[in-house]
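Residue 6 is where the sequence shown starts when you use the working numbering, and the numbers rise one by one after that. Ideal Cβ positions, reconstructed from N, Cα and C, are used throughout, including at glycine. Source: prediction; values computed, not measured.
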Amino acid sequence: MKQEHVLLHQKVKRIVASVSLACFGFSALGIPTLAAAEQLNDHTTQSRTATPIKHVIVIIGENRTFDHVFGAYRPPRGQTISNLLSKGIINADGSPGPNFALAAQYQATLTGPAKYTLSPATKTAYQVLPAPLTGSAHTVASDTNPPPFASLSLATMVESGALLPEDLPLLTTGATGLPMHSVDTRIANAGSLPNGPFPLTPSLKYDDYAASPVHRFYQGWQQSDCNVAHATRTNPSGCLLDLFPWVEVSVGAGSNGKAQPAGFNDQSTGEGSTSMGFYNVSNGDASYLTQLAQAYSISDNYHQAAQGGTGANHIMLGFADDIYYSDGKGHPATPPTNQIENPNPQPGTNNYYTQDGYSGGSYSDCSDPTQPGVGVVISYLNSLPNHPKPNCAPGAYYLLNNYNPGYNGDGSVNTSAFTIPPSTVPTIGDSLIAKGILWKYYGEGWNSFVANSPQSVYCNICNPFLYETSIMSDPKLVSEHLKDTTDLYVDIAKGDLPAVSFVKPGGLLDGHPASSKLDLFEGFTKKLVDAVQSDPKLWASTAIFVTFDEGGGYYDSGYIQPVDFFGDGSRIPMIVVSPYSKGGRVDHTYSDHASIVKFIERNWSLAPITKRSRDNLPDPKQLPSNPYVPVNSPAIGDLFQMFNFHQPDPGKFLNNPFASMN
Numbered sequence: 006m007k008q009e010h011v012l013l014h015q016k017v018k019r020i021v022a023s024v025s026l027a028c029f030g031f032s033a034l035g036i037p038t039l040a041a042a043e044q045l046n047d048h049t050t051q052s053r054t055a056t057p058i059k060h061v062i063v064i065i066g067e068n069r070t071f072d073h074v075f076g077a078y079r080p081p082r083g084q085t086i087s088n089l090l091s092k093g094i095i096n097a098d099g100s101p102g103p104n105f106a107l108a109a110q111y112q113a114t115l116t117g118p119a120k121y122t123l124s125p126a127t128k129t130a131y132q133v134l135p136a137p138l139t140g141s142a143h144t145v146a147s148d149t150n151p152p153p154f155a156s157l158s159l160a161t162m163v164e165s166g167a168l169l170p171e172d173l174p175l176l177t178t179g180a181t182g183l184p185m186h187s188v189d190t191r192i193a194n195a196g197s198l199p200n201g202p203f204p205l206t207p208s209l210k211y212d213d214y215a216a217s218p219v220h221r222f223y224q225g226w227q228q229s230d231c232n233v234a235h236a237t238r239t240n241p242s243g244c245l246l247d248l249f250p251w252v253e254v255s256v257g258a259g260s261n262g263k264a265q266p267a268g269f270n271d272q273s274t275g276e277g278s279t280s281m282g283f284y285n286v287s288n289g290d291a292s293y294l295t296q297l298a299q300a301y302s303i304s305d306n307y308h309q310a311a312q313g314g315t316g317a318n319h320i321m322l323g324f325a326d327d328i329y330y331s332d333g334k335g336h337p338a339t340p341p342t343n344q345i346e347n348p349n350p351q352p353g354t355n356n357y358y359t360q361d362g363y364s365g366g367s368y369s370d371c372s373d374p375t376q377p378g379v380g381v382v383i384s385y386l387n388s389l390p391n392h393p394k395p396n397c398a399p400g401a402y403y404l405l406n407n408y409n410p411g412y413n414g415d416g417s418v419n420t421s422a423f424t425i426p427p428s429t430v431p432t433i434g435d436s437l438i439a440k441g442i443l444w445k446y447y448g449e450g451w452n453s454f455v456a457n458s459p460q461s462v463y464c465n466i467c468n469p470f471l472y473e474t475s476i477m478s479d480p481k482l483v484s485e486h487l488k489d490t491t492d493l494y495v496d497i498a499k500g501d502l503p504a505v506s507f508v509k510p511g512g513l514l515d516g517h518p519a520s521s522k523l524d525l526f527e528g529f530t531k532k533l534v535d536a537v538q539s540d541p542k543l544w545a546s547t548a549i550f551v552t553f554d555e556g557g558g559y560y561d562s563g564y565i566q567p568v569d570f571f572g573d574g575s576r577i578p579m580i581v582v583s584p585y586s587k588g589g590r591v592d593h594t595y596s597d598h599a600s601i602v603k604f605i606e607r608n609w610s611l612a613p614i615t616k617r618s619r620d621n622l623p624d625p626k627q628l629p630s631n632p633y634v635p636v637n638s639p640a641i642g643d644l645f646q647m648f649n650f651h652q653p654d655p656g657k658f659l660n661n662p663f664a665s666m667n
């Protein structure tokens, strides 16, 4: 038995490294005084809140838009929602609805000089969509190269601390049975899909692994097809959202500075029209998230804060702003040439970017309109009636996509390639420390990441505090605030949960397409929600925010508000689970990741992080006749509208949190 355990442990060491951050394209790799840090022992300060909420928990999944998950959601009686079903784009069974053409997609032909464009002049509607592909989702289950695992015993050894026992078998199911980057024939009519959103299920099972669409900065702006000439009263930003498959098949996840491959076609990027797939919650998909939405509050107007992917959006969660390339001491500097974005098409290609990708361009000096791609976005912002400011400091090259953070888990400076130097820009963590308010970032796999283990499933680019000097240069602060999810359950059991908790599942459970599944993220979320609700005192004073970092490049039909150069991007799910958010309410207030920061600041009476961060933006004013568009744009909410703090007795719901579903 002992020998079997050793062999099993050796298997874990061999395989988990292949999972760690694979979905991101590379492997893991004003300072408060000590007196301020020691104030963390003062529980009196953190108990002084504007609401009954004494504990905020933010659970962050990966890469799903609102319509991709909740496009077929039907809210409780008396509530309205904006999604594919309510707009008539689809019917309840997922088939094309009477207004299916509202979501029609186009292919474009770039003419004239090879320049990046947000809104191509020459477009043709697809007759049928490009076939969706399998991407990098694995063909078979394997204990040497998961996911999924071939054996439940190995899956249990790797993830028993993060899932309930009944959910562990999900780690062993869902292999595609098809070659990577091939047509995904599990999807009904994959070769002849009508031009619009298509249901993934039931022909593809909800539990199946599937491909991941492109989710990068300039691609995201281009997919949105924004032009003030298209503006209407209900869509004043003029974003048509009609170039999703074209961007997928014309450039995909980027060139990394290399020439377009010979024989390039609609299958070369490995995606096809993956972006147009959606799950059908009316037929039982995403059942746990749906249960939470029906019992508590859901937003249908919450957005990823930046166009693009994981790195920039997690940075927005911590900084309410983007960060820039520097000399490591706060002074803007110029990054290596091969790390500067250039989305202009390579000569002789139709939209294949010159310099972009996970091992290519990810910075732009967005203060300089002569830089590739920058002028187009700034020109669009200037064309809008409210003229939103780009909010780009002079001479600063901002990180737009995914690079390693400036620090390793042990506090040493990360000197590997494609790493943004340490940042001196403060985060919400600094604001909390200055007020003596307890907070922690719980990331699954942290302990193995600190040990520099290649087996860690930890997402380094997801932790905003790994980017900043004020936290990572102080070992005491690192020890106090950066923890593993195993510590989260210890803290809950001890009744020692901090005021603010950011919780990030590892690469197997975060719900990222291809490397994870949505049902695994549901399982991770359920275990945590159950743990909080099992302690009546904790549950009575807690708000759990369940959201995603970004939309992953999936189509969404919701309005996009241009806040600054960086975004916003597509809508993503946001569910608030609390005794004070019960009832299945659908909130329409415009919000994005900086709204979480605004909630924390309002609840604990904190000032905005900096003078330029998005938490300075006003709360939106929205008209009943058009409840999704702020008339005082740019503006974002603070999520207070998702609660009812005047409920007479939240305690009566403690034993049955879903009592409001009848």
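Per the DSSP calculation, residue 402 is bridged to which residue(s)?
Partner(s): 370.
Using alpha carbons as the reference points, say which of 533, 598, 551 and 640 lies closest to residue 320.
Out of 533, 598, 551 and 640, 598 has the C-alpha closest to the C-alpha of residue 320.
Considering only the alpha carbon of each residue, which of 335, 165, 123 and 339 lies closest to residue 235?
The shortest Cα separation from residue 235 among 335, 165, 123 and 339 belongs to 123.
Excluding the 5 residues flanking residue 52 on each side, which residues of the same chain have their C-beta closer than 7 Å to its C-beta?
The residues are 59.
Would you kindly work out how many angstroms separate the C-alpha atoms of residue 593 and residue 342, rounded to a whole number?
Near 43 Å, if we compare the C-alpha coordinates of residue 342 and residue 593.
Specify the secondary structure class of residue 649 as computed by DSSP and reduced to three states.
Residue 649: coil per DSSP, three-state reduction.
Could you spell out the range, first to last residue, of the alpha helix (DSSP H) harbouring residue 544?
Note, residue 544: alpha helix (DSSP H), 541-544.
Exposed or buried, which one is residue 626 when buried takes at least 16 other CB atoms within 10 Å?
That one is exposed.
Beta carbon of residue 57, beta carbon of residue 506: below 8 Å?
Contact: no.
Beta-carbon within less than 7 Å of residue 318's beta-carbon, same chain only, minus the 5 sequence neighbours each way: which residues are those?
Hits under 7 Å: 309, 310, 311, 554, 555 and 598.
What residues match up with residue 204 in a beta bridge as DSSP calls it?
Its beta-bridge partners are 283.
Cβ of residue 640 within 8 Å of Cβ of residue 622?
Result yes, Cβ atoms of residue 640 and residue 622 sit closer than 8 Å.
Which whole-angstrom value describes the C-beta separation of residue 615 and residue 399, a residue pair presumed to lie in contact below a C-beta threshold of 8 Å?
About 16 Å; that fails the 8 Å criterion.
Quick check on the DSSP output: the alpha helix (DSSP H) that includes residue 380 runs from which residue to which?
379-388 is the extent of the alpha helix (DSSP H) around residue 380.
My parser needs the alpha helix (DSSP H) runs of 4 or more residues fully inside the stretch 203-272; what are they?
You should have 222-229 and 249-255.
Closer than 7 Å by C-beta to residue 104: which residues in its own chain qualify, once you throw out the five before and the five after it? Chain order, please.
For residue 104, where only same-chain residues beyond five positions count, the Cβ hits under 7 Å are 92, 93 and 94.
Closer than 8 Å is the cut-off here; do at least three beta carbon pairs connect the stretch 81-90 with the stretch 172-182?
No, the stretch 81-90 is not in contact with the stretch 172-182.
Name the two residues that bound the continuous alpha helix (DSSP H) containing residue 547.
Premise fails: residue 547 lies in the beta strand (DSSP E), 547-553, not in any alpha helix (DSSP H).
Could you tell me if residue 566 is buried or exposed, where buried requires 16 or more neighbouring beta carbons within 10 angstroms of its beta carbon?
The residue in question, residue 566, is buried, as its Cβ has 16 or more Cβ neighbours within 10 Å.
Report yes if the C-beta distance between residue 239 and residue 581 is below 8 Å; otherwise report no.
Contact flag unset, no.
DSSP three-state call for residue 323: helix, strand or coil?
Residue 323: helix per DSSP, three-state reduction.
Any idea which residues DSSP pairs residue 415 with across the strands?
Per DSSP, none; premise fails for residue 415.
Find the nearest neighbour of residue 386 within the set 328, 638 and 98, judged by alpha-carbon distance.
Checking every option, the nearest Cα to that of residue 386 belongs to 638.
Look up residue 526 in the DSSP assignment and say whether it is helix, strand or coil.
Helix.
Pick out whichever of 402, 109, 256 and 217 has its Cα sitting closest to the Cα of residue 121.
For the residues 402, 109, 256 and 217, the minimum Cα distance to residue 121 belongs to 256.
Given this structure, state the Cα-to-Cα distance separating residue 5 from residue 552, to the nearest angstrom.
In the structure as shown, the chain begins at 6 and stops at 667. Residue 5 is therefore absent and cannot be evaluated.
Report the rounded CA-to-CA distance for residue 446 versus residue 147, giving the unit in angstroms.
Each residue's alpha carbon lies about 32 Å from the other.
For residue 349 and residue 377, which I take to be in contact (beta-carbon distance under 8 Å), what is that distance rounded to the nearest angstrom?
The Cβ separation is near 5 Å, so the contact holds.
Which stretch, first to last residue, makes up the beta strand (DSSP E) that contains residue 299?
Element bounds for residue 299: not the beta strand (DSSP E) but the alpha helix (DSSP H), 292-300.
Could you pull the start and end residues of the alpha helix (DSSP H) that residue 454 belongs to?
Residues 451-455.
By the DSSP assignment, the beta strand (DSSP E) with residue 153 in it spans what residues?
From DSSP, residue 153 is part of no beta strand (DSSP E); its letter is neither H nor E.
For residue 167 and residue 510, which I take to be in contact (beta-carbon distance under 8 Å), what is that distance rounded to the nearest angstrom?
Yes, they are in contact, since the Cβ atoms of residue 167 and residue 510 sit about 7 Å apart, within 8 Å.
With distance defined between alpha-carbon atoms, name the residue in 163, 535, 283 and 263 nearest to residue 205.
When each option's Cα is compared against that of residue 205, the closest is 283.
Measure from the alpha carbon of residue 523 to the alpha carbon of each residue in 162, 363, 210 and 252, then state which is nearest.
Ranking the options by Cα distance to residue 523, first place goes to 210.
Using CA atoms only, rank isn't needed, just tell me which of 568, 577 and 583 is closest to residue 540.
The candidate whose alpha carbon is nearest that of residue 540 is 583.
Is residue 46 buried or exposed, if buried means 16 or more other CB atoms sit within 10 Å of its CB?
Reliability fails at residue 46, whose pLDDT of 40 lies under 50, so the model's placement of it is uncertain and no value is given.
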